[in-house]
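Visitor:
Residue numbers (mature numbering (1 follows the signal peptide of the UniProt record, and there is no 0)): -20 to -1, 1 to 276.
1. In whole angstroms, give me the CA-to-CA distance for residue 124 and residue 163.
2. Figure out for me which residue from 210, 62, 18 has the closest Cα to the Cα of residue 160.
3. Of all the beta strand (DSSP E) runs that stay within the bounds of the region 153 to 204, which reach a length of 3 or more residues?
4. On a Cα-Cα basis, can you pick out the residue from 84, 52, 175, 57 that is closest to residue 108?
5. Going by DSSP, name the residue or residues bridged to residue 66.
6. When the Cα of residue 24 is compared with those of 138, 1, 41, which residue comes out closest?
7. Just to check my reading of the structure: residue 60 and residue 66 have Cβ atoms closer than 8 Å, yes? What is that Cβ distance to the nearest angstrom?
8. List in chain order: all unbroken beta strand (DSSP E) runs of 3+ residues lying wholly within the region 101 to 132.
9. Based on DSSP bridge pairs, tell me the residues matched to residue 210.
10. Using only the alpha-carbon positions, how far apart do residue -1 and residue 31 sit?
11. Which full runs of the beta strand (DSSP E) of 3+ residues lie inside the region 2 to 42, going along the chain?
12. What residues in its chain sit with their C-beta under 8 Å from that of residue 95, if we drop five residues either side in the sequence?
13. Who are residue 79's beta bridge partners in DSSP?
14. Is the separation between the beta-carbon of residue 34 and that of residue 44 shorter than 8 Å?
15. Buried or exposed for residue 272, please, with buried defined as at least 16 other CB atoms from any protein chain shown within 10 angstroms of its CB.
16. Please classify residue 29 as buried or exposed, where buried requires at least 16 neighbouring CB atoms within 10 angstroms.
17. Roughly how many whole angstroms lie between the Cα atoms of residue 236 and residue 203?
18. Rounded to whole angstroms, what's the CA-CA distance from residue 269 to residue 220? Just pull it up for me.
19. How far does the alpha helix (DSSP H) with residue 91 in it reach, from first residue to last?
20. On the premise that residue 116 lies in contact with residue 133, defined as a C-beta separation below 8 Å, what is that separation, rounded to the nearest angstrom?
21. Could you tell me whether the region 127 to 147 touches the region 223 to 232, where touching means 3 or more Cβ pairs closer than 8 Å?
22. Assuming the contact rule is C-beta atoms closer than 8 Å, residue 122 and residue 238 should be a hit. Round their C-beta distance to whole Å, please.
23. Leaving out five residues on either side along the sequence, give the residues of the same chain with a beta carbon under 6 Å from the beta carbon of residue 27.
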């Protein structure tokens, strides 16, 4: 009799585990609840697409936005628009039970229509480096890939911790991060990229500007006199860096500290951002050596 009751109890416990609701809080502080792991997921941002692949949710992913080009498999998925404009009909045809949106970019009115259609929406907008592994874990819970998500997040955090230990006492450098050269745009201190610069021992020369992605003048850059310029995009040769070489008085030019960064590694708050952070730290280490060599 005891063994029969024990078996019934185990069966009940198993049923509760399988069918218990999955509840997480997204980056907007909203509760996302699913009765079971999502089977059909649409990603409305390239960084979210990369996260879903990283945690092993490739089979669940049924639609993406334009520029979701990594990994290679993502290029074969249906495209439902871009971050400015979502094709709602295409999304609904895919019958998703979870949509991952970029709260910093996707049109709120269109996202609201998807929510009113009864589809679960997870808002992803990592603002700090620590938010990236946290996003992956929560997406893992929602898609039934929590174990792999936690492994990936743990590895990610381990690489971040190693960078913190290695570069915490590095000599400071004034850094200009160039998002584009025509027009000339940068990022302020509240952007996650600025945290990467700080992590590597740099100082964002436009950190105090109140606008998140400010347009700046050439004169403002010259006045800030950065010791390092890191560019992710550019219309000219050498990824937008060649135009600075004419300003011989600029420390970054005198020290030969003009570097290019893969934009997908830092301008997307996804799994590959740790690669961008590692690259940035190596570049700033090289910049320190160049500065030392150029000084009398």
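Virtual Cβ for every residue (Gly too), placed ideally from N, Cα, C.
Guide: Let me lay it out:
1. On the chain shown, position 144 is the one that residue 124 refers to. On the chain shown, position 183 is the one that residue 163 refers to. Computed Cα separation, rounded: 44 Å.
2. The residue you call residue 160 lines up with position 180 of the chain shown. It is 210.
3. DSSP runs (the beta strand (DSSP E)) wholly in the region 153 to 204: 153 to 158, 182 to 184.
4. By 1-based counting over the chain shown, the position of residue 108 is 128. Proximity to residue 108 across 84, 52, 175, 57 peaks at 175, based on C-alpha coordinates.
5. What you label residue 66 is simply residue 86 of the chain shown in a count that begins at 1. Answer by DSSP bridge pairing, in chain order: 61.
6. Translated into positions along the chain shown, residue 24 becomes position 44. Taking only the C-alpha atoms, the option nearest residue 24 is 41.
7. What you label residue 60 is simply residue 80 of the chain shown in a count that begins at 1. What you label residue 66 is simply residue 86 of the chain shown in a count that begins at 1. That belief holds up - the Cβ atoms of residue 60 and residue 66 are roughly 6 Å apart, short of 8 Å.
8. The region 101 to 132 contains no whole beta strand (DSSP E) run of 3 or more residues.
9. Here the question's residue 210 lines up with position 230 in the chain shown. BP columns for residue 210 point to 157, 239.
10. Residue -1 sits at position 20 when you count from the first residue of the chain shown. Residue 31 sits at position 51 when you count from the first residue of the chain shown. If I take the Cα positions, the gap works out to 24 Å.
11. Here the runs fully enclosed are 2 to 5, 11 to 14, 21 to 23.
12. The residue given as residue 95 occupies position 115 in the chain shown. Correct list, in chain order: 101.
13. Sequence index remark: in the chain shown, residue 79 carries index 99 (1-based). DSSP, once it has assigned bridges, lists 22, 101 as partnering residue 79.
14. What you label residue 34 is simply residue 54 of the chain shown in a count that begins at 1. What you label residue 44 is simply residue 64 of the chain shown in a count that begins at 1. Their beta carbons are not under 8 Å apart, which means residue 34 does not touch residue 44 by this criterion.
15. Working through the chain shown from its first residue, we reach residue 272 at position 292. With fewer than 16 other Cβ atoms from the protein chains shown falling within 10 Å of its own Cβ, residue 272 counts as exposed.
16. On the chain shown, position 49 is the one that residue 29 refers to. A buried status is given to residue 29, since no fewer than 16 other beta-carbon atoms sit within 10 Å of its beta-carbon.
17. The residue you call residue 236 lines up with position 256 of the chain shown. The residue you call residue 203 lines up with position 223 of the chain shown. Cα-Cα distance, rounded: 18 Å.
18. Along the chain shown, read from residue 1 onward, the residue named residue 269 stands at position 289. Along the chain shown, read from residue 1 onward, the residue named residue 220 stands at position 240. So the alpha carbons of these two residues sit roughly 23 Å apart.
19. Working through the chain shown from its first residue, we reach residue 91 at position 111. Residue range 88 to 96 is occupied by the alpha helix (DSSP H) that includes residue 91.
20. Numbered from its first residue, the chain shown carries residue 133 at position 153. Numbered from its first residue, the chain shown carries residue 116 at position 136. Taking the Cβ atoms as the reference, residue 133 lies roughly 5 Å from residue 116, within the contact range of under 8 Å.
21. At 8 Å Cβ cutoff, the stretches do not touch.
22. Stepping through the chain shown from its first residue, residue 122 is reached at position 142. Stepping through the chain shown from its first residue, residue 238 is reached at position 258. That pair is no contact at about 42 Å.
23. Your numbering for residue 27 matches position 47 in the chain shown. Cβ-Cβ distances below 6 Å link residue 27 to 248, 249, 250 in the same chain, with the five nearest sequence neighbours on each side left out; the list follows chain order.
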